[in-house]
Ligand SMILES: *Cc1c(COP(=O)(O)O)cnc(C)c1O
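Residue numbers (the working numbering): 344 to 554.
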């Protein structure tokens, strides 16, 4: 487990959803500081109870009415999946005088997740004027979840395509530096395909009983 956590080549987000404070503390005490949650309420509760030097990553679908609450406690939002959400994050960040780090979620499997932009949509949105348009947003990059399949060829195609998109937008927008792809079952392949941020739950904390 410590193998996955510590590496110079990527950031590992330890996905602690459904796991209790004691389990998270054990990983924290190994020196790990990046943790991910997929529910706003759970993230906020854990953020309150755990040390304040943790970087909390919001990795699950985010409803616009919860943006206000998540902004002050999240380090990076991986799951920006609509223009509406983008607008609300920009507006709410402005109100609290901050600039929010976000990733645009791409629907790379077109079935595993029902969330995320299609490539055509994201391509139209992310042009040279993006940062000028969204003054209180720092676009750091992209997130995607591959299909749930045993077939590595399918997964590899999806990761390669997302990496190409990332490389192309990185040239266009100076703040883009992060590609969040890879979970417990496919992180090795994701890293080969150019990922520099992996989101690992069960491989660190053990299987979850639900979700
Ligand atoms: C739960 C979750 C993960 C981690 O999944 P594992 O298979 O347990 O590693 C990664 N990303 C997202 C968006 C998740 O919801």
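Where a beta carbon is used, it is the ideal one built from N, C-alpha and C, also for glycine.
8 Å Cβ cutoff met for residue i and residue j
i           : j           : result
residue 386 : residue 392 : no
residue 421 : residue 486 : yes
residue 424 : residue 460 : yes
residue 544 : residue 369 : no
residue 473 : residue 516 : yes
residue 451 : residue 505 : yes
residue 539 : residue 352 : yes
residue 436 : residue 479 : yes
residue 383 : residue 409 : yes
residue 508 : residue 449 : yes
residue 551 : residue 526 : no
residue 433 : residue 462 : no
residue 348 : residue 373 : yes
residue 358 : residue 402 : yes
residue 367 : residue 389 : yes
residue 495 : residue 532 : yes
residue 490 : residue 454 : yes
Nonlocal neighbours in the same chain, by C-beta distance under 6 Å from residue i, ignoring five residues either side
i           : result
residue 444 : 419, 481, 483
residue 512 : 469, 519
residue 397 : 376, 378
Range covered by the alpha helix (DSSP H) that runs through residue i
i           : result
residue 473 : 473-476
residue 432 : 426-438
residue 366 : 364-371
residue 545 : 545-548
Own chain, CB closer than 7 Å to residue i, minus 5 neighbours either side, in chain order
i           : result
residue 438 : none
residue 394 : 371
residue 456 : 450, 488
residue 364 : 389, 392, 393
residue 407 : 427, 428, 431
Residue range of the unbroken beta strand (DSSP E) whose run includes residue i
i           : result
residue 442 : Taken as a continuous stretch (DSSP letters only), residue 442 belongs to no beta strand (DSSP E), as it is neither H nor E.
residue 355 : 354-358
Neighbourhood of residue i by C-beta, 8 Å cutoff - its chain only, sequence neighbours within 5 removed
i           : result
residue 510 : 537
residue 497 : 489, 490
Next on the checklist: I'd like the ranges of any alpha helix (DSSP H) spanning at least 4 consecutive residues and lying wholly in the stretch 447-526.
Outcome noted: 462-468, 473-476, 495-515
Checklist entry - Along the chain, which unbroken stretches of the alpha helix (DSSP H) at least 4 residues long are found entirely within the stretch 376-425? => result 383-392, 410-413
Item to check | Nearest-residue set for ligand 1, Cβ under 5 Å from any heavy atom | outcome: 358, 381, 402, 526, 527, 542, 543, 544, 545
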